[in-house]
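*Asks:*
In the working numbering, the protein residues as written are -10 to 78.
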């Protein structure tokens, strides 16, 4: 929908509309969460610049869909904006 509300408006799965123009087209996806005593998660938190300071530069290299291995990043993380000259996330 938007950056502030990242909810898809329309979704196609296996060649069929699951959601179109904000309307659920698959009735089996209608779940009455109150039956299971599940309520919306309400979090009250904030993030500060100090929270974004990382003490180590370890990352995870995804070799395939299952296998990962650790790696050390060489990116300078002490700047306000990361460079686009690398493929690390």
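We treat Cβ as the ideally placed atom computed from N, Cα and C, and that holds for glycine.
Quick one, are the C-beta atoms of residue 28 and residue 34 less than 9 Å apart?
*Replies:* The answer is no: Cβ separation not under 9 Å.
*Asks:* Please return the same chain residues whose Cβ sits closer than 6 Å to the Cβ of residue 11, not counting the five positions on each side in sequence.
*Replies:* Within the same chain, residue 11 has close Cβ partners -2.
*Asks:* Distance check for residue 69 and residue 46, CA to CA, integer angstroms please.
*Replies:* Looking at the two C-alpha atoms, the distance is approximately 17 Å.
*Asks:* Who are the Cβ neighbours of residue -10 in its own chain at under 8 Å, not counting the five residues just before and after it?
*Replies:* Closer than 8 Å at the Cβ level, and outside the excluded window around residue -10, lie -4, -3, -2.
*Asks:* Give the range of the beta strand (DSSP E) segment to which residue 48 is assigned.
*Replies:* Where residue 48 is concerned, the enclosing beta strand (DSSP E) stretches over 47 to 51.
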